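Number of protein chains: 2
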Amino acid sequence: MAHHASIRISTPVRPSAKPKALELTRDKLIEAAGQVFAERGYRAATIREICRRAGANVAAVNYTFGDKMSLYTEVLRHSMRAAGQAAAMSAALDSSLSPEGTIRGVIRARLMSLCQGPRPDWHIRLVMHEFSHPTPAMGRVVDEGMRPIYDRVRKAVAAIIGLPLDHETTRLSVNSIVGQILFYTFSQPVLARLQPELKLTPDQLDRIADHIAEFSLAYLKKVGHGKSHG
Amino acid sequence: MAHHASIRISTPVRPSAKPKALELTRDKLIEAAGQVFAERGYRAATIREICRRAGANVAAVNYTFGDKMSLYTEVLRHSMRAAGQAAAMSAALDSSLSPEGTIRGVIRARLMSLCQGPRPDWHIRLVMHEFSHPTPAMGRVVDEGMRPIYDRVRKAVAAIIGLPLDHETTRLSVNSIVGQILFYTFSQPVLARLQPELKLTPDQLDRIADHIAEFSLAYLKKVGHGKSHG
DNA sequence: GACAAAATCAAACAGTTGTTTTAAACATAC
DNA sequence: GTATGTTTAAAACAACTGTTTGATTTTGTC
Chain R
12 MAHHASIRIS TPVRPSAKPK ALELTRDKLI EAAGQVFAER GYRAATIREI
62 CRRAGANVAA VNYTFGDKMS LYTEVLRHSM RAAGQAAAMS AALDSSLSPE
112 GTIRGVIRAR LMSLCQGPRP DWHIRLVMHE FSHPTPAMGR VVDEGMRPIY
162 DRVRKAVAAI IGLPLDHETT RLSVNSIVGQ ILFYTFSQPV LARLQPELKL
212 TPDQLDRIAD HIAEFSLAYL KKVGHGKSHG
Chain X
12 MAHHASIRIS TPVRPSAKPK ALELTRDKLI EAAGQVFAER GYRAATIREI
62 CRRAGANVAA VNYTFGDKMS LYTEVLRHSM RAAGQAAAMS AALDSSLSPE
112 GTIRGVIRAR LMSLCQGPRP DWHIRLVMHE FSHPTPAMGR VVDEGMRPIY
162 DRVRKAVAAI IGLPLDHETT RLSVNSIVGQ ILFYTFSQPV LARLQPELKL
212 TPDQLDRIAD HIAEFSLAYL KKVGHGKSHG
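Chains as they are written, first to last, in the numbering used here: chain R, 12 to 241; chain X, 12 to 241.
1. Are the CB atoms of S227/R and S198/R within a distance shorter than 8 Å?
2. T84/R to A148/R, Cα distance in whole Å?
3. Mark S107/R as exposed unless 16 or more other C-beta atoms lie within 10 angstroms of its C-beta, in which case mark it buried.
4. Which residue marks the beginning of the alpha helix (DSSP H) containing A56/X, and which one marks its end?
5. Curious, which full-length alpha helix (DSSP H) runs of at least 4 residues does the region 151-191 of chain X contain?
6. Can you tell me whether K210/X is helix, strand or coil according to DSSP?
7. So for L125/X, helix, strand or coil by DSSP?
8. What do you reckon, are the CB atoms on G156/R and A94/R nearer than 8 Å?
9. Assuming S90/X and G45/X form a contact by the criterion Cβ under 8 Å, report the distance between their Cβ atoms to the nearest whole angstrom.
10. According to the neighbour-count rule (16 or more other Cβ atoms, all chains shown, within 10 Å of its Cβ), is T113/R buried or exposed?
11. Between the Cα of R158/R and the Cα atoms of E179/R, C62/R, V189/R, which residue gives the shortest distance?
12. If you draw a straight line from the C-alpha of R182/R to the C-alpha of E111/R, how long is it?
13. When you compare the CB positions of V168/X and V185/X, do they come within less than 8 Å of one another, or not?
14. What are the start and end residues of the alpha helix (DSSP H) that includes T146/X?
15. For H222/X, is the classification buried or exposed, using 16 other Cβ atoms within 10 angstroms of its Cβ as the cut-off for buried?
16. Which residues in chain R have a C-beta closer than 7 Å to the C-beta of Q46/X? List them in chain order.
17. Can you tell me whether V86/R is buried or exposed? The criterion is at least 16 other CB atoms within 10 Å of its CB, across all chains shown.
18. If you measure beta-carbon to beta-carbon, which residues of the region 174-198 of chain X are closer than 8 Å to chain R?
19. Comparing C-alpha positions only, which one of G77/R, N73/R, G116/R sits nearest to A224/R?
20. Counting only C-beta atoms, is Q206/R closer than 8 Å to chain X at any point?
21. Kindly say whether G241/X, judged by its beta-carbon, lies nearer than 8 Å to any beta-carbon of chain R.
22. Since L202/X is in the alpha helix (DSSP H), which residue starts that stretch and which ends it?
23. Quick one: measure Cβ to Cβ for C62/X and A71/X, integer angstroms, because I've assumed they're closer than 8 Å.
24. Can you name the start and end residues of the alpha helix (DSSP H) that N68/R belongs to?
25. Beta carbons nearer than 8 Å to chain R: which residues of the region 213-227 of chain X have them?
26. Please identify the residue among K233/R, N68/R, G52/R whose C-alpha is closest to the C-alpha of H134/R.
27. List the residues of chain R whose Cβ lies closer than 8 Å to the Cβ of V168/X, in chain order.
28. Please report whether the beta-carbon of I160/R lies at a distance below 8 Å from any beta-carbon of chain X.
29. Under the assumption that R163/X contacts L176/X (Cβ atoms under 8 Å), give the Cβ distance between them as a whole number of angstroms.
30. Could you give the DSSP three-state label for H236/X: helix, strand or coil?
31. Work out the CA separation of K232/X and H236/R for me, nearest whole Å.
32. Just checking my contact of M139/X with F142/R at CB under 8 Å: how many whole Å lie between their CB atoms?
33. Under a CB-based cut-off of 8 Å, is G150/X close to chain R?
34. Output the distance between the C-alpha atoms of I118/X and T57/R, rounded to the nearest integer angstrom.
35. Kindly list the residues whose CB is nearer than 7 Å to the CB of L216/X, restricted to its own chain and excluding five residues on each side of it in sequence; keep chain order.
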């Protein structure tokens, strides 16, 4: 049911005038909920634990957000915004880069986010959960979190291999590149068991990024040269 | 608590002598549990729904398997066994293949399992859930389901690029190949939204398998030739 | 047929869940 | 100060969870 929360949402007349203490507990709840949702999943995460970690009362979630699902959506939105900003930052300085530079940059930026960042694996685990059990929020995850990168890589790939944007080879090549990246982000549990010696330190990730770039560009350049004089 | 079930387990003296009706409901429960676990996840899956789909009583799970987790482990074991048999079958006929043939074969076999098979996406969704929320059963999933393929590809890759089995380039190249494959198995929700026109029909998967092979071999052969006369 | 073990069932149990309620504490404007 | 609206707190609610119980039916054996 709609209740108290709607009052707050419907009256952000002056930004940061009335906010008072609600904003505080609201932030604390989102932070705590991010942790709990990430490590337990949506269903297994309990409102009671979220509130305990946030130092708030059990009723705080329902008072502030309405219900559990709205809180989850809000956490996902927050997570997406953070990831989006990082992506936008790297996008700003690669619009002037060569296609090859774009590809190398995207791979590196994407991999590096695995070791740095404030909360290392939050966003990843949240998205992973969305993958295995999609909620209505899935659409936003893809549209805001993945499509920008996907489209940027697609343009660069098309430029290198000299084929149209929507040619099958273009699309499949992008999938191949994205797949290599996602392997290191999503398959860490497997990786840890298959290659225990592979630590995802910054300089190791650096070498991995280089490898993925070399691996991919070998094909792209080969096809590109074939097109240019074939 | 251990109870009735242990009686059955501890007395398989004559195989298929006493089994009677228990085996039947046991199979029905595993089948139903596979569906429910796959689509809802371990936590959200309820014993009541599993039993309803299996046409059994609520107490059937606890009577037959002891508790919910034991049922889950059994389902995972079943799923692994099925996948393992498929892998073993393809392994039998590729031991005599060239390294390149091995790689092409593994890619194709792995991708084709996406469209054929009795229950198309069971195993995948189960493993996906293990990825995002690993249980103690995770170890077996990796060891029985992934390591055999991983090792086979590694040997073939090492042969082509002419580097030792545990060279970093060898391992990273295997990761690149496996990553491309896993992308199509694990990222279907994303894929469905990013490329709605990409249907995973048998002949489409055939072209995808070819692409992954070409994409990967471009790099492997390049490195291999470099080694042979450099 | 009778008899014992195995299997099924309906009902209940104990615990946890998201959510609601009611009242108290707090802040703010007059 | 009082009055008003907002935020917290403790307790209770209703629904659902995995699990257990004890009776009842089914099954296999003599």
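Where is the CB? At the ideal position from N, CA and C, for every residue including glycine. Predicted model only: the values in this text are computed from it and were never measured.
In this structure, then:
1. no
2. 6 Å
3. exposed
4. Looking at the DSSP string, A56/X is not in any alpha helix (DSSP H), and its letter there is neither H nor E.
5. 158-172
6. coil
7. coil
8. yes
9. 7 Å
10. buried
11. V189/R
12. 16 Å
13. yes
14. Unbroken run through T146/X: none, as it is neither H nor E.
15. buried
16. Residues of chain R passing the Cβ test: none, with the nearest at roughly 14 Å.
17. buried
18. E179, T180, R182, L183, S184, N186, S187, V189, G190, Q191, I192, L193, F194, Y195, F197, S198
19. G116/R
20. yes
21. Caution applies to G241/X, whose pLDDT of 47 falls short of 50 and renders its modelled position unreliable; the model cannot decide the point.
22. 199-205
23. 5 Å
24. That residue, N68/R, is in no alpha helix (DSSP H); it is neither H nor E in DSSP.
25. R218, I219, H222, I223, E225, F226, S227
26. G52/R
27. Neighbours of V168/X on chain R: none; closest Cβ ~11 Å, over 8 Å.
28. no
29. No, R163/X and L176/X are not in contact; Cβ-Cβ is about 12 Å, not under 8 Å.
30. helix
31. 16 Å
32. 6 Å
33. yes
34. 41 Å
35. L122, M123, L125, C126
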